[in-house]
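In the numbering used here, the protein residues as written are 216 to 788.
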């Protein structure tokens with residue numbers, strides 16, 4: 216057991232809340248599972264008698280399932296995503312929920328399509344309960360979608376201190392996985408509401424790594440570094456061992472960051488970490504880089520064990536085959552683009568979470584999985600005829616995915632009643648712009664509506680293989696920032712491609728990160744660029760090659776040599 220795991224157990228016994236900052240490859244999930252097993256082994260009796268549980272909050276369903284598997288599905292542990300946990304605790308308190316929704320609605324910008332008339336909303340909420348929906352927000356129907364749930368939950372906790380006491384009474388231990396990706400609203404709920412209301416009755420444990428925060432889009436970006444006033448409430452526990460990376464890569468990681476000194480364990484190989492400055496045509500840069508490391512450095516590598524990591528979205532989209540989707544979302548606005556790339560946009564999530572899993576199950580002849588998905592979506596069978604109709608509908612669904620537009624696939628799902636569409640899909644498929652309705656809008660609302668229709672027209676007109684390509688990219692964890700990207704993954708040899716051309720200059724600049732210019736001129740962008748660079752470099756088990764396609768090498772040379780060493784920086788003409 217590591218020193219960090221011992222420190223966590225001491226915090227539990229002393230009822231001190233804590234934050235574990237675990238560097239890449241250190242076994243953060245192992246420490247979380249160890250803490251859960253320790254709690255189950257030492258606190259089961261007293262908690263069972265009090266009707267209490269351990270809350271383990273994860274960032275994704277996959278992470279939740281991994282924790283459940285690692286801990287043996289212990290009944291004492293309630294593992295759930297942050298959205299599911301928050302909804303679980305606030306849903307019974309409808310009066311508080313409705314008041315919070317009304318307050319949240321008032322805070323929305325006037326141009327927000329979700330904002331409703333205050334009087335109309337108050338009257339509507341008298342008739343309906345507030346619900347949590349994956350088909351989009353509709354306040355007049357009481358429906359909250361993902362981001363709105365976080366905002367409303369924060370208001371509920373802030374305005375109703377009794378709720379924090381109720382949560383602590385039920386969940387005296389709240390452990391959070393990947394805390395750096397939780398939004399500020401969530402961190403405030405835990406550290407500014409729950410913990411102060413119950414300083415002696417609840418232990419909050421945060422597990423993660425502030426440098427592995429690489430999600431910055433949407434209304435609720437990951438918090439990354441916890442603000443100092445809230446961090447002061449926690450005992451900080453660093454975890455420096457690295458079970459994954461070669462010695463050479465670990466040395467590089469320790470130059471990238473200074474807050475944790477990582478060190479190899481007993482099985483780390485020596486490995487290599489190099490910087491390649493590429494001159495000439497960038498189109499064959501990877502081929503030239505592969506040839507160099509194979510012939511000059513004698514690296515043994517194969518594509519089956521390697522990974523090429525591109526750090527600009529446009530390069531990824533073009534190579535992965537979803538550049539049309541990226542273009543449509545980018546044209547609509549930066550928030551649309553960012554949420555697409557994070558996999559959090561409700562429209563793209565509809566395909567990721569519902570459409571493609573069904574297609575994959577049916578294509579693989581997995582009837583059991585297919586039936587499970589259909590039934591969970593509310594599909595109604597009527598004996599044999601119903602199954603026959605479902606089979607025909609699914610076969611047609613698969614054929615359409617190969618050649619049709621996104622519109623045609625959605626229309627088939629709707630007409631075959633395989634599962635409900637998002638409300639906005641149903642509305643936009645149904646009819647063109649209602650001229651009479653638009654005439655009643657003010658100029659700003661009319662302009663916003665026109666942009667929405669332009670977006671949906673462009674999106675629906677794309678061939679469905681664009682969605683399939685995006686799904687493959689997302690699920691295969693090709694970076695850059697999609698859900699957890701490559702975090703937690705490892706590859707024998709990693710090629711990290713740096714190219715500012717086509718990057719979002721407001722968010723990242725690898726040229727200015729290496730030159731050091733952003734350290735003082737734009738520290739926020741410096742941190743964002745450093746974080747994604749750290750995450751990608753730390754995937755390498757044996758060998759790492761950073762392939763720089765950018766220009767301005769003279770300004771970057773000193774920074775590159777400081778990170779990699781003069782003898783590990785090469786120029787390929």
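C-beta atoms are modelled at their ideal positions from N, C-alpha and C, and glycine is treated no differently.
Which stretch, first to last residue, makes up the alpha helix (DSSP H) that contains residue i?
{"i": "residue 493", "result": "No alpha helix (DSSP H) contains residue 493, which is instead part of the beta strand (DSSP E) from 487 to 493."}
{"i": "residue 769", "result": "768 to 779"}
{"i": "residue 320", "result": "309 to 322"}
{"i": "residue 752", "result": "738 to 752"}
{"i": "residue 257", "result": "243 to 264"}
{"i": "residue 467", "result": "462 to 471"}
{"i": "residue 624", "result": "621 to 631"}
{"i": "residue 682", "result": "680 to 690"}
{"i": "residue 787", "result": "From DSSP, residue 787 is part of no alpha helix (DSSP H) but of the beta strand (DSSP E) over 784 to 787."}
{"i": "residue 217", "result": "From DSSP, residue 217 is part of no alpha helix (DSSP H); its letter is neither H nor E."}
{"i": "residue 726", "result": "725 to 730"}
{"i": "residue 640", "result": "638 to 645"}
{"i": "residue 583", "result": "582 to 591"}
{"i": "residue 483", "result": "Neither: residue 483 is in no alpha helix (DSSP H) and is coded neither H nor E."}
{"i": "residue 285", "result": "276 to 285"}
How big is the Cα-Cα spacing for residue i and residue j?
{"i": "residue 680", "j": "residue 588", "result": "22 Å"}
{"i": "residue 480", "j": "residue 778", "result": "22 Å"}
{"i": "residue 396", "j": "residue 603", "result": "45 Å"}
{"i": "residue 754", "j": "residue 457", "result": "11 Å"}
{"i": "residue 625", "j": "residue 645", "result": "11 Å"}
{"i": "residue 631", "j": "residue 608", "result": "6 Å"}
{"i": "residue 775", "j": "residue 264", "result": "59 Å"}
{"i": "residue 284", "j": "residue 733", "result": "43 Å"}
{"i": "residue 666", "j": "residue 547", "result": "7 Å"}
{"i": "residue 461", "j": "residue 543", "result": "41 Å"}
{"i": "residue 452", "j": "residue 541", "result": "40 Å"}
{"i": "residue 374", "j": "residue 331", "result": "22 Å"}
{"i": "residue 711", "j": "residue 550", "result": "26 Å"}
{"i": "residue 365", "j": "residue 230", "result": "27 Å"}
{"i": "residue 322", "j": "residue 308", "result": "21 Å"}
{"i": "residue 220", "j": "residue 728", "result": "34 Å"}
{"i": "residue 766", "j": "residue 788", "result": "13 Å"}
{"i": "residue 496", "j": "residue 731", "result": "26 Å"}
{"i": "residue 406", "j": "residue 232", "result": "10 Å"}
{"i": "residue 612", "j": "residue 638", "result": "20 Å"}
{"i": "residue 392", "j": "residue 383", "result": "18 Å"}
{"i": "residue 310", "j": "residue 448", "result": "31 Å"}
{"i": "residue 695", "j": "residue 339", "result": "Residue placement at residue 695 is flagged as unreliable, the pLDDT there being 39, under the threshold of 50; a coordinate-derived value is accordingly withheld."}
{"i": "residue 469", "j": "residue 238", "result": "10 Å"}
{"i": "residue 715", "j": "residue 563", "result": "26 Å"}
{"i": "residue 295", "j": "residue 482", "result": "34 Å"}
{"i": "residue 523", "j": "residue 467", "result": "18 Å"}
{"i": "residue 521", "j": "residue 415", "result": "49 Å"}
So the beta strand (DSSP E) residue i belongs to, where does it begin and stop?
{"i": "residue 295", "result": "292 to 296"}
{"i": "residue 521", "result": "521 to 525"}
{"i": "residue 760", "result": "755 to 763"}
{"i": "residue 269", "result": "269 to 273"}
{"i": "residue 233", "result": "233 to 237"}
{"i": "residue 498", "result": "From DSSP, residue 498 is part of no beta strand (DSSP E); its letter is neither H nor E."}
{"i": "residue 707", "result": "706 to 713"}
What do you get for residue i, buried or exposed, if any count of 16 or more other CB atoms within 10 angstroms of its CB means buried?
{"i": "residue 454", "result": "buried"}
{"i": "residue 302", "result": "buried"}
{"i": "residue 320", "result": "buried"}
{"i": "residue 574", "result": "buried"}
{"i": "residue 751", "result": "buried"}
{"i": "residue 408", "result": "buried"}
{"i": "residue 226", "result": "buried"}
{"i": "residue 758", "result": "buried"}
{"i": "residue 593", "result": "exposed"}
{"i": "residue 515", "result": "exposed"}
{"i": "residue 512", "result": "exposed"}
{"i": "residue 334", "result": "exposed"}
What whole-angstrom Cβ distance do residue i and residue j have, given they're in contact under 8 Å?
{"i": "residue 786", "j": "residue 553", "result": "With a Cβ gap of about 35 Å, residue 786 and residue 553 do not count as contacting."}
{"i": "residue 394", "j": "residue 423", "result": "4 Å"}
{"i": "residue 354", "j": "residue 329", "result": "7 Å"}
{"i": "residue 234", "j": "residue 441", "result": "7 Å"}
{"i": "residue 291", "j": "residue 252", "result": "The Cβ separation is near 10 Å, so there is no contact."}
{"i": "residue 343", "j": "residue 359", "result": "Their Cβ separation, rounded to whole angstroms, is 12 Å, which puts residue 343 and residue 359 out of contact at 8 Å."}
Starting from the N-terminal side, write out each stretch of the alpha helix (DSSP H) that is 4 residues or longer and does not extend beyond the region 537 to 570.
Correct list: 538 to 547, 549 to 556 and 561 to 565.
For the region 403 to 454, which segments carrying the alpha helix (DSSP H) assignment without a break, of at least 4 residues, lie completely within its bounds, in sequence order?
The qualifying runs are 443 to 446.
Residue ranges of each alpha helix (DSSP H) within the region 321 to 406, 4 or longer
For the region 321 to 406, the continuous alpha helix (DSSP H) assignments of 4+ residues that do not extend past its boundaries occur at 333 to 342, 361 to 374, 376 to 385 and 399 to 403, in sequence order.
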